[in-house]
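Asks: Mind having a look at this structure? Questions to follow.
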Amino acid sequence: MHYDPIKRTLGNVFNRTPWLRRLFYNLLDLLLLRTWHVHRELRQWAQNRREQAVNIIDAGAGYGQYTYWLSGMSPKWQILAVDVKDEQVTDSNNFFRQIGRPNVQFAVQDLVLYQQPNSFDLALAIDVMEHILEDVEVMTNLHTSLKDGGMLIISTPSDQGGSDVHGADDASFIEEHVRDGYNIDEIQQKLRKAGFDRIEAKYSYGIPGQISWRLSMKYPIQMLGASKLFFIVLPFYYLVTFPLCLLLNWLDTTSRHDSGTGLIVKAWK
487 MHYDPIKRTL GNVFNRTPWL RRLFYNLLDL LLLRTWHVHR ELRQWAQNRR EQAVNIIDAG
547 AGYGQYTYWL SGMSPKWQIL AVDVKDEQVT DSNNFFRQIG RPNVQFAVQD LVLYQQPNSF
607 DLALAIDVME HILEDVEVMT NLHTSLKDGG MLIISTPSDQ GGSDVHGADD ASFIEEHVRD
667 GYNIDEIQQK LRKAGFDRIE AKYSYGIPGQ ISWRLSMKYP IQMLGASKLF FIVLPFYYLV
727 TFPLCLLLNW LDTTSRHDSG TGLIVKAWK
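Going by my numbering, the first residue of the sequence shown is number 487, and it counts up by one from there.
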């Protein structure tokens with residue numbers, strides 16, 4: 487499944503007005519289980535920091551939903567959001583100017599090459615590493631770009647079926663992925679190689695999360711990939727599945743999993 491064309495279609499719909507884009511962000515926050523996990527970690531990081539002047543990099547920002555959420559937590563936080571897609575960067579800069587958030591700047595950057603030494607207190611790489619072959623180089627650049635004591639948070643698929651790969655003959659559900667998922671020990675070793683000395687990693691997308699992902703993401707994406715006419719059907723589909731997905735997301739976020747198809751990793755410089 488090629489995900490980028492579907493993302494472009496969604497972007498064309500929700501970029502029409504700032505109100506629609508805010509609605510899109512709110513829907514992503516509710517539906518995407520990884521957002522529940524990432525927000526939980528970010529709330530913990532943000533304790534006692536809302537009145538501080540901090541610098542944040544959203545590495546591989548995509549639509550900018552995490553930048554939007556963070557920029558609403560404190561106007562004192564300066565956020566640089568980088569991505570390789572020119573169109574997304576332009577659209578995002580226009581949106582954040584329209585809603586009056588001058589503490590946010592989007593820029594086109596290649597994470598394999600980009601570093602800004604000792605500049606950031608927090609770095610995000612949310613569903614990024616599985617798209618980049620040179621992942622250790624990116625981790626090294628982010629380590630260099632963090633200040634001493636700065637934290638990197640990564641959300642990425644695990645090797646337990648995170649790209650919907652459960653056997654040797656399976657192909658990744660998202661064809662833009664360059665790897666099917668990380669072994670939890672492997673990603674910690676790569677982060678140590680990049681220079682991080684304190685690392686915490688845990689599984690996400692346990693049984694509740696896997697069911698929620700299929701209902702809220704996999705099946706709708708497959709429908710949209712088959713025909714754009716399914717945009718008409720989607721509101722009715724989510725009307726039925728949405729309450730169950732919310733419950734499953736809550737269960738997954740508040741439980742500890744011995745295994746799972748996702749990983750949440752925190753690493754400190």
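Glycine included, C-beta positions come from ideal geometry on N, C-alpha and C.
Work out the CA separation of residue 614 and residue 663 for me, nearest whole Å.
Replies: Distance between the alpha carbons of residue 663 and residue 614: 9 Å.
Asks: What does residue 445 pair with, by DSSP beta-bridge criteria?
Replies: Residue 445 falls outside the range modelled here, since the chain spans only 487 to 755, and no answer is possible.
Asks: Going by Cα to Cα distance, which pick from 749, 676, 512 is closest to residue 645?
Replies: Ranking the options by Cα distance to residue 645, first place goes to 749.
Asks: In three-state terms, what does DSSP make of residue 643?
Replies: Three-state result, residue 643: strand.
Asks: Could you give the first and the last residue of the continuous alpha helix (DSSP H) run that contains residue 748?
Replies: Careful: residue 748 lies outside any alpha helix (DSSP H), inside the beta strand (DSSP E) at 748-754.
Asks: Does the separation of the CB atoms of residue 667 and residue 616 fall below 8 Å?
Replies: Yes, they are a contact pair.
Asks: With a Cβ-Cβ cutoff of 8 Å, do residue 738 and residue 681 count as a contact?
Replies: Cβ atoms of residue 738 and residue 681: not closer than 8 Å.
Asks: What does a CB cutoff of less than 7 Å around residue 573 pick up in its chain, not counting 5 residues either side in sequence?
Replies: Closer than 7 Å at Cβ, skipping near neighbours: no residue.
Asks: Scan the segment 670-711 and note each continuous beta strand (DSSP E) run of 3 residues or more that stays entirely inside, going in chain order.
Replies: Fully enclosed beta strand (DSSP E) runs of 3 or longer: 684-690.
Asks: Considering only the beta carbon of each residue, do residue 600 and residue 580 sit closer than 8 Å?
Replies: Result no, Cβ atoms of residue 600 and residue 580 do not sit closer than 8 Å.
Asks: Please go through the same chain and pick out, in chain order, the residues whose beta-carbon is closer than 6 Å to the beta-carbon of residue 562, but skip the five residues on each side of it.
Replies: Once the five neighbours on either side are set aside, the close Cβ partners of residue 562 are 539.
Asks: Can you give the Cα-Cα distance for residue 767 and residue 755, rounded to whole angstroms?
Replies: Residue 767 lies beyond the residue range present for the chain, which begins at 487 and ends at 755; the question has no answer from this structure.
Asks: Look up residue 622 in the DSSP assignment and give the residues it is bridged to.
Replies: According to DSSP, residue 622 bridges with nothing at all.
Asks: Could you tell me whether the Cβ atoms of residue 547 and residue 570 are closer together than 8 Å?
Replies: No, Cβ-Cβ distance for residue 547 and residue 570 is not below 8 Å.
Asks: Please state if the CB of residue 727 and the CB of residue 702 are separated by a distance shorter than 8 Å.
Replies: In contact: residue 702 and residue 727 (Cβ atoms closer than 8 Å).
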